[in-house]
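First the structure, in the form of structure tokens, and then the observations on it.
In our numbering, the protein residues as written are 3 to 47.
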């Protein structure tokens, strides 16, 4: 998963184990969103 800093997304796309289900071996997850504002934002997995 990816955890974003400064981008306001739905909880199910936050990348934390509390709010997003794990992506298991053989599965995939695609993040799709429209950036709410321009900028430079941190992220980590």
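The beta-carbon is built from N, C-alpha and C at its ideal position, and this holds for glycine as well.
Close Cβ partners of residue i (< 8 Å) along its chain, the five nearest in sequence each way excluded
i, result
"residue 41", "8"
"residue 10", "38"
"residue 32", "none"
"residue 13", "21 and 22"
Residue i and residue j closer than 8 Å at C-beta
i, j, result
"residue 3", "residue 20", "no"
"residue 35", "residue 15", "yes"
Own chain partners of residue i with C-beta closer than 6 Å, once the 5 adjacent residues on each side are dropped
i, result
"residue 45", "4 and 6"
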